[in-house]
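Novice: Taken in order, the sequence shown gives residues 58 to 531; the numbers are from the working numbering.
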Amino acid sequence: MSAGPAPSRVGSDLLSWLGRECAALASVPDLRTEADLFADLQAHAVEPLRVAVTGDVSTGKSTLVNALLGRSIALVQREETTSEVTWYRSPSWPAPPTLNPRHRCQPIDFPLADSLVLADTPGVNTVSGNQAASEQLFEASGGIEASAGAVSVLLYLIGGDVSGAALRRIRRFAALTRGPLGEAGNIVLVGAKADETVGLEAGAWEALEKELAVKAGHAGGRSVAVAQLLAATARTGGVDAWMLDHLATVRRWPELRSAADSGWGVLISTARDLADTAPAGGGPALTALAEAVPALGARVGTAAALSCAANALDRSPGDPSAAVRAELERRSGLTALEATLSALAADADLLTAQAVASRLRRLRSSLGSSRGKPVAAILDGLHRHPAAVEHEWRSAALILEGEALRFVPRELRLVGARRLRGDAPPLDPASLRHWERYASSTSRSTLSRRVAELVVEADRDNVDIQPDPLGGGS
Ligand SMILES: Nc1nc2c(ncn2[C@@H]2O[C@H](COP(=O)(O)OP(=O)(O)OP(=O)(O)O)[C@@H](O)[C@H]2O)c(=O)[nH]1
Ligand SMILES: [Mg+2]
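1) Skipping 5 residues on each side, what residues in its chain have a beta carbon closer than 6 Å to that of I325?
2) Going by DSSP, what residue range makes up the alpha helix (DSSP H) through R128?
3) What number of angstroms, rounded off, separates the C-alpha of L72 from the C-alpha of D166?
4) Hey, would you say the C-beta of G256 is under 8 Å away from at least one heavy atom of ligand 1?
5) As an exercise, report each continuous alpha helix (DSSP H) stretch of at least 4 residues that is fully enclosed by the segment 456 to 520, in chain order.
6) Would you call D525 buried or exposed, if buried means 16 or more other Cβ atoms sit within 10 Å of its Cβ?
7) Start and end of the alpha helix (DSSP H) containing W310?
8) Apart from the five residues on each side of it in sequence, which residues of its chain come closer than 6 Å, Cβ to Cβ, to A60?
9) Assuming contact is defined by CB atoms lying nearer than 9 Å, are R416 and A433 in contact in what I supplied?
10) What would DSSP say about G206, mapped onto helix, strand or coil?
11) So, with DSSP's three-state summary, where would you put W144?
12) Apart from the five residues on each side of it in sequence, which residues of its chain come closer than 8 Å, Cβ to Cβ, to S280?
13) When the distance is taken between beta carbons, is V142 closer than 9 Å to D177?
14) Quickly, what does DSSP pair D177 with across the bridge? List them, please.
15) Can you check whether the CB of D406 is closer than 9 Å to the CB of A444?
16) State the DSSP-derived secondary structure class of G248, mapped to helix, strand or coil.
17) Hey, is P377 close to ligand 2, as in C-beta under 8 Å from one of its heavy atoms?
18) Using 10 angstroms around the beta-carbon of E136, count the other beta-carbons present and answer buried if the total reaches 16, otherwise exposed.
19) How is the beta strand (DSSP E) around A282 delimited, first residue to last?
20) Between H160, E447, S185, R388, which lies nearest to E253 when the distance is taken from Cα to Cα?
21) Excluding sequence positions up to five away, which residues of its chain have a Cβ less than 7 Å from the Cβ of T120?
22) For the 8 Å Cβ check, are there 3 or more pairs between the segment 465 to 479 and the segment 292 to 300?
23) By how many angstroms is the C-alpha of R225 removed from the C-alpha of V381?
24) According to DSSP, is R77 helix, strand or coil?
25) Is DSSP giving H101 helix, strand or coil here?
26) What does the Cβ neighbour count give for H440, buried or exposed, with the cut at 16 atoms within 10 Å?
27) Leaving out the 5 sequence neighbours to the left and right, which residues in its chain are closer than 7 Å to T327 when beta-carbon positions are compared?
28) Cβ atoms of L238 and V446: under 9 Å apart, would you say?
29) Mapping DSSP to helix, strand and coil, what is Q134?
30) CB of V181 to nearest heavy atom of ligand 2: below 8 Å?
31) For L238, which of helix, strand or coil comes out of DSSP?
32) Could you tell me if the beta carbon of C191 falls within a distance shorter than 8 Å of some heavy atom in ligand 2?
33) Does DSSP classify Q533 as helix, strand or coil?
34) Measure from the alpha carbon of R308 to the alpha carbon of each residue in D330, A342, A355, then state which is nearest.
35) Is F464 buried or exposed, if buried means 16 or more other CB atoms sit within 10 Å of its CB?
36) Relative to the alpha-carbon of G236, which residue among G186, L471, Q411 has its alpha-carbon at the smallest distance?
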């Protein structure tokens, strides 16, 4: 075990150092029994950002994972389905040791594979009790298990209202992985199946995102609405000749498009009525459409989405499949979620370091003062690492970019965040005065005062932090 980190380039250097230190713990004679745990801590430190997808049963977690993977790999069904935790990770990352027999690794290349590893998990409220397979990722009973908090970011899918149980679970995870300021900034509330919960109108999505942002503010996170089924269908080959044939039928009969707005039942009865009266050649296609409704529903969720997909054929006569895929993907909102994930992945070094440090802190308490000494030495080294100040500033930036300090005007928050990240010129006098006032206002929370202090400090020190050229996380 080395005495402390060698001072060098900040950022991913810290993680390499942390990974080596965790690996070295395995050779401490007194700690040999924990070898698997140390190997997992090492893997956690050096691999891309660990992201887990969780939420109630059937909120569409596996569908979202398939959309992000661009392939239908995770099993999707109406009823309770996922029973184990599957880690999807680039084949270039060796599998970490299995700390839980109900976790497995699936090597796969996917668009974000260089910047994150993705876990699909059972619902948190299963009848079968399958959530036991993933609980350890999010919570620590007794507050000491170092295998808890083994993910750095949580995507928490919300199917309707944000329940008290969900908020408690989210806050427990935030506490497990908290950063230097007490807030982790590593939680995304996902308004899932938005097509079903609020419909496809842009205004309804804005309202949903605003509502979630308030809750995400309480949870120290950020929020985004998605209709993941539309993205999964667009990206995993769901827009095939069979579907295009049915869309062509919907396109041909304006009555069907308006019927679709009233739901599948009305669409079926309208198609059947039309089939009886349709001129020669139209009947079979209409009857086939009525019969195909359950299978179409499994691809687009709502009849309104089917009608939107048919409208896309009108607008782009060139390549009908590409037009429909583009429309479904646009409606799904998935690119906004991917942008959020990419932004978090750009802070992978920070988020991973804080998650691993939290695990080490719990490990030190569980080992006691004598056996826990080598772990305490690592924590001490982390504290003294040259990256520590930069981490505190970037933590503050993450908080400003999320929803936790929503009462601060958005423009001011974003300028403050950019200043903390060193990629904006000095604050103008009016903004600086705002931040100084926040920093000294006793009516504000400790968190907001500390964040304001750091903005002022970063601005005064005028140090421009350059982004990590390796992208962090590895
Ligand atoms: N309307 C609509 N339905 C969806 C969406 N995403 C998933 N579904 C449907 O919801 C059901 C459950 O989807 P899954 O992806 O299996 O949900 P899950 O959260 O992984 O379920 P468990 O693993 O059992 O907890 C399936 O019938 C999906 O087709 C969506 O964006 N919109
Ligand atoms: Mg599932």
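Virtual Cβ for every residue (Gly too), placed ideally from N, Cα, C.
Specialist: This is what the structure holds:
1) A347, V350
2) For R128, there is no enclosing alpha helix (DSSP H), since its DSSP letter is neither H nor E.
3) Computed Cα separation, rounded: 23 Å.
4) no
5) 467 to 477, 486 to 497, 503 to 518
6) Confidence in D525 is poor, its pLDDT being 45 and thus under 50, which makes the residue's placement unreliable; the coordinate value appears in the next sentence. Burial check for D525: the Cβ neighbour count within 10 Å reaches 16 or more, so the residue is buried.
7) That residue, W310, is in no alpha helix (DSSP H); it is neither H nor E in DSSP.
8) With a pLDDT of only 41 at A60, under 50, the local geometry of the prediction cannot be trusted, and the value read off the model is given with reservation. There are no such residues.
9) Not a contact, by the Cβ cut-off of 9 Å.
10) In the displayed model, G206 falls within coil according to three-state DSSP, outside both helix and strand.
11) strand
12) V245, L246, V247, G248, E266, L269, A270, K272, A273, E460
13) The Cβ-Cβ distance between D177 and V142 falls below 9 Å.
14) V110, T143
15) A contact, by the Cβ cut-off of 9 Å.
16) strand
17) no
18) exposed
19) 279 to 282
20) Checked all of H160, E447, S185, R388; the closest Cα to E253 is R388.
21) Only V133, Q285, L286, A289 meet the Cβ criterion.
22) No, the segment 465 to 479 does not touch the segment 292 to 300.
23) In a straight line, the C-alpha of V381 is about 40 Å away from that of R225.
24) helix
25) helix
26) exposed
27) E312, L313, A316
28) no
29) Three-state result, Q134: coil.
30) no
31) coil
32) What sits at residue 191 in the sequence shown is Ser, not Cys. No - ligand 2 has no heavy atom lying nearer than 8 Å to the Cβ of S191.
33) An answer regarding residue 533 cannot be provided, because it is not within the stretch 58 to 531 covered by the chain.
34) Cα-wise, what sits closest to R308 is A342.
35) exposed
36) Q411
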